[in-house]
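Report on the structure given below.
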Amino acid sequence: MDFLGTILWPLKWVVELLLVSWHWLLTFFGMDSAAGITWVLSIVGLVLVVRTALIPLFVKQIKNQRRMMEVAPQLKKIQDKYKGKRDQLSREAMSRETMALYKNTGTNPLGSCLPLLVQMPIFFSLFSVLNGAQNSKAGVGPLNATLAKEFGEARLFGGAPLHSSFQSAMNDPAGPQVLVMIIAAIMVVVMTASQFITQLQIVSKNMSDETKASPMFKQQRILLYILPFVFLFSGFAFPLGVMFYWLTTNIWTMVQQFIIIRNMPMPGSEAAREREARLARKGKLEPKSDSATIVVEERKPVQRQQPMGKNRAKKAGGTPQQPGGTAQQPKKNDDGSGASNNTPRK
Amino acid sequence: MIVLDTLLLVPRNIGLAILMLYRRWISPLYGDVCRYYPSCSAYTLGSIQQRGLLLGSLRGGIRILRCNPWAAGGIDDVPPKKHFRYTTTTRGFVVASTQRKG
């Protein structure tokens, strides 16, 4: 067994167990054991279990993002500070300050890197189990040779075996299998579309204006339009069974992403503005977190105290000064040119 | 000496090139993910520049383990090496220094 195979062995075992369990359950409820639809539903079930297991991480991220509404004013302050500055040094300084803010307030909205790296082997083992099973190769554990053969030979609509891909159908020695090609083509298009929509949601709606100003963003936009083509071409080599797995995952991700963006958008993004507008229309701005934001924002445009000339200030003498930030203002205005302009001449 | 140094630097520069490709073409797909500044890939890049392919990758791997959903995140710079005897180019590759002290 090769190195990668050894690492993936336990994961493959679990994946096979899930697949066979779902298949057993579906046949228990009276579905045909060898039918294509039974095996496709087993794949869907497998995706549901894997993604459900990852829900706690998702919930944690949502909680963090909700807490982030509380630091939105401070975040905005940093964003305003670097507004319009696009050189690399200020951008770096900005992300540095933003990160420090997240840490100090304990509100890190970012998902962290480790889960990404963990999900990759899960995907690879799923792929190799499905791919092996398509070729009627016995798995490493619960998927024995009989089941694997049944899986690979299972046909959709009476003529499209799960193990064939667009490519293999096209080059079939017995002539092109039109049914398989039609199904595969439709699936590739749907799969690519779902992937594209998910990415588009993030890029166009859930990024703050400051991120959109960065050079990285342009890159991301270009990739967004190049990537569907990559999928389009590579998709033709995937067996139908693998595509069903991929499609189900994509749909799950899309819905999950939609929920996040709608309810917990990144502050300062288009989605955040849409959400505020939506809440305002309904007449219920969220009582706690949103009002906190508004209070802070309203405090800023304090009515500017009229500057006084030295003489008038002396005359006014004991006028009670407003407490707080305004205390500094006379000092600032005393020698500023703006002050002399506004001072009523006598 | 410079020839030897350049040869010694080959693995780390190959590693750096792969990381740069990842950062340019693959990383943007995920959007902002890392809970630290600099991000895990930038940290690994810096570590490999400073300490070579093996030790640098090891440090990068440990950093990724630290970058889990339970981490507080924040600023976490690459600890600089005390006696760094090479030169880093503006593109980020490491080359042998032309002027060496003693």
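For the record, the sequence lines run as chains A and B. With our numbering applied, the first sequence corresponds to residues 666 to 1011, in that order. With our numbering applied, the second sequence corresponds to residues 36 to 137, in that order. From the three backbone atoms N, C-alpha and C, an ideal C-beta is built for every residue, glycine too. In this text, all values refer to a predicted model and were calculated from it rather than measured experimentally.
Have a look at the DSSP bridge pairing and note the partners of residue 94 of chain B. Position 59 of the second sequence, counting from 1, holds the residue named residue 94 of chain B. According to DSSP, which records beta bridges pairwise, residue 94 of chain B is partnered with nothing at all.
Closer than 8 angstroms, CB to CB, is residue 110 of chain B near chain A or not? Stepping through the second sequence from its first residue, residue 110 of chain B is reached at position 75. It does; some Cβ of chain A falls within 8 angstroms.
Nearest to residue 814 of chain A by alpha carbon, out of A:862, A:695 and A:700? As a first step, residue 814 of chain A is located in the first sequence; it is residue number 149 there, counting from the start. Taking residue 814 of chain A as reference, the option from A:862, A:695 and A:700 with the minimal CA-CA separation is A:700.
Within its chain, find whatever has a CB closer than 7 angstroms to the CB of residue 921 of chain A; leave out the 5 residues flanking it on each side and keep chain order. Along the first sequence, read from residue 1 onward, the residue named residue 921 of chain A stands at position 256. For residue 921 of chain A, where only same-chain residues beyond five positions count, the Cβ hits under 7 angstroms are 723.
Same chain, Cβ closer than 6 angstroms to residue 961 of chain A, five either side skipped, listed in chain order: Working through the first sequence from its first residue, we reach residue 961 of chain A at position 296. Per-residue confidence for residue 961 of chain A stands at a pLDDT of 42, beneath the threshold of 50, marking its modelled position as unreliable; the derived number appears in the next sentence. Cβ within range, chain order: 738.
Below 8 angstroms on the Cβ atoms is my contact criterion, and I expect residue 83 of chain B with residue 51 of chain B to pass it. Report the Cβ-Cβ distance as a whole number of Å. As a first step, residue 83 of chain B is located in the second sequence; it is residue number 48 there, counting from the start. As a first step, residue 51 of chain B is located in the second sequence; it is residue number 16 there, counting from the start. Their Cβ separation, rounded to whole angstroms, is 6 angstroms, which keeps residue 83 of chain B and residue 51 of chain B in contact under 8 angstroms.
Can you have a look at residue 864 of chain A and say buried or exposed, based on whether 16 or more other CB atoms are within 10 angstroms of its CB? The residue given as residue 864 of chain A occupies position 199 in the first sequence. Classification for residue 864 of chain A: buried.
For residue 806 of chain A and residue 687 of chain A, I'd like the C-alpha separation in whole angstroms. On the first sequence, residue 806 of chain A is found 141 positions in, with the first residue counted as 1. On the first sequence, residue 687 of chain A is found 22 positions in, with the first residue counted as 1. Here the C-alpha atom of residue 806 of chain A lies approximately 15 angstroms from the C-alpha atom of residue 687 of chain A.
Exposed unless 16 or more other CB atoms sit within 10 angstroms - verdict on residue 836 of chain A: As a first step, residue 836 of chain A is located in the first sequence; it is residue number 171 there, counting from the start. Exposed.
Note down the Cα distance separating residue 917 of chain A from residue 66 of chain B, rounded to an integer number of angstroms. Counting from 1 along the first sequence, the entry for residue 917 of chain A is found at position 252. Counting from 1 along the second sequence, the entry for residue 66 of chain B is found at position 31. Near 19 angstroms, if we compare the C-alpha coordinates of residue 66 of chain B and residue 917 of chain A.
Mind pulling the chain A residues with CB within less than 9 angstroms of residue 115 of chain B? For this step, residue 115 of chain B is matched to residue 80 along the second sequence. Those do not exist, as residue 115 of chain B stays about 16 angstroms from chain A at its closest Cβ, beyond 9 angstroms.
Residue 50 of chain B: contacting residues in chain A (beta-carbon distance under 8 angstroms): On the second sequence, position 15 is the one that residue 50 of chain B refers to. Those do not exist, as residue 50 of chain B stays about 17 angstroms from chain A at its closest Cβ, beyond 8 angstroms.
Helix, strand or coil, according to DSSP, for residue 960 of chain A in the structure here? One-based indexing of the first sequence puts residue 960 of chain A at position 295. Because residue 960 of chain A sits at a pLDDT of 41, beneath the cut-off of 50, its placement in the model cannot be relied upon, and the point is left open.
Own chain partners of residue 909 of chain A with C-beta closer than 6 angstroms, once the 5 adjacent residues on each side are dropped: The residue given as residue 909 of chain A occupies position 244 in the first sequence. Result list for residue 909 of chain A: 705 and 708, in chain order.
Please report the distance separating the alpha-carbon of residue 96 of chain B from that of residue 128 of chain B. On the second sequence, position 61 is the one that residue 96 of chain B refers to. On the second sequence, position 93 is the one that residue 128 of chain B refers to. Distance between the alpha carbons of residue 96 of chain B and residue 128 of chain B: 20 angstroms.
Residue 929 of chain A to residue 936 of chain A, Cα distance in whole Å? As a working note, residue 929 of chain A is residue 264 in the first sequence. As a working note, residue 936 of chain A is residue 271 in the first sequence. About 9 angstroms.
Please report the straight-line C-alpha distance between residue 676 of chain A and residue 718 of chain A, rounded to a whole angstrom. Against the first sequence, residue 676 of chain A aligns to sequence position 11. Against the first sequence, residue 718 of chain A aligns to sequence position 53. Between residue 676 of chain A and residue 718 of chain A, the alpha-carbon positions lie close to 14 angstroms from each other.
Taking the runs of the alpha helix (DSSP H) that are 4 residues or longer, which of them lie wholly in the segment 812 to 839 of chain A? 831 to 835
Per-residue contacts from residue 104 of chain B into chain A (C-beta, under 8 angstroms): Reading the second sequence from its first residue, position 69 is the one you call residue 104 of chain B. Residues of chain A passing the Cβ test: 722, 725, 726, 776, 777, 779 and 780.
Cβ shell of residue 682 of chain A (< 7 angstroms), same chain only, five flanking positions each side left out: Against the first sequence, residue 682 of chain A aligns to sequence position 17. Excluding residues within five positions, the ones whose Cβ falls inside 7 angstroms are 806 and 807.
Tell me whether the segment 763 to 775 of chain A and the segment 738 to 750 of chain A touch, counting them as touching only if at least three CB pairs, one residue from each stretch, are closer than 8 angstroms. The segment 763 to 775 of chain A is in contact with the segment 738 to 750 of chain A.
Looking at residue 91 of chain B and residue 79 of chain B, is the spacing between their C-beta atoms short of 8 angstroms? Taking the second sequence and counting its residues from 1, the one referred to as residue 79 of chain B is at position 44. Taking the second sequence and counting its residues from 1, the one referred to as residue 91 of chain B is at position 56. Taking 8 angstroms as the Cβ cut-off, residue 79 of chain B and residue 91 of chain B qualify as a contacting pair.
Please say whether residue 73 of chain B and residue 40 of chain B have beta carbons closer to each other than 8 angstroms? Here residue 40 of chain B refers to the residue found at position 5 of the second sequence. Here residue 73 of chain B refers to the residue found at position 38 of the second sequence. Remark: C-beta atoms of residue 40 of chain B and residue 73 of chain B do not approach each other more closely than 8 angstroms.
Would residue 778 of chain A and residue 68 of chain B qualify as a contact pair, given that the criterion is a beta-carbon distance under 8 angstroms? Taking the first residue of the first sequence as 1, we reach residue 778 of chain A at position 113. Taking the first residue of the second sequence as 1, we reach residue 68 of chain B at position 33. Going by C-beta atoms, residue 778 of chain A is nearer than 8 angstroms to residue 68 of chain B.
Classify residue 772 of chain A as helix, strand or coil using the three-state DSSP reduction. As a first step, residue 772 of chain A must be located in the first sequence, where it is residue number 107. Three-state result, residue 772 of chain A: coil.
Apply the 10 Å Cβ neighbour rule to residue 698 of chain A and answer buried if 16 or more other Cβ atoms are within range, or exposed otherwise. By 1-based counting over the first sequence, the position of residue 698 of chain A is 33. Its Cβ having fewer than 16 others within 10 Å, residue 698 of chain A is exposed.
Cross-chain neighbours of residue 765 of chain A in chain B, by beta carbon under 7 angstroms: Translated into the one-based positions of the first sequence, residue 765 of chain A becomes position 100. Going along chain B in sequence order, the residues near residue 765 of chain A (Cβ under 7 angstroms) are 109 and 110.
If you count every other CB in all the chains shown that lies within 10 Å of the CB of residue 119 of chain B, and 16 or more means buried, which is it? Numbered from 1 along the second sequence, position 84 holds the residue referred to as residue 119 of chain B. Classification for residue 119 of chain B: exposed.
Compute the beta-carbon to beta-carbon distance between residue 70 of chain B and residue 773 of chain A, rounded to the nearest angstrom, for a pair I have assumed lies under 8 angstroms. As a position in the second sequence, residue 70 of chain B is number 35, starting the count at 1. As a position in the first sequence, residue 773 of chain A is number 108, starting the count at 1. With a Cβ gap of about 5 angstroms, residue 70 of chain B and residue 773 of chain A count as contacting.
Is there a Cβ from chain A that is less than 8 angstroms from the Cβ of residue 66 of chain B? In the second sequence, counting from the first residue as 1, residue 66 of chain B sits at position 31. With 8 angstroms as the cut-off, residue 66 of chain B counts as an interface residue toward chain A.
Anything in the segment 742 to 762 of chain A with a Cβ closer than 7 angstroms to a Cβ of chain B? List those residues in chain order, please. 760 and 761
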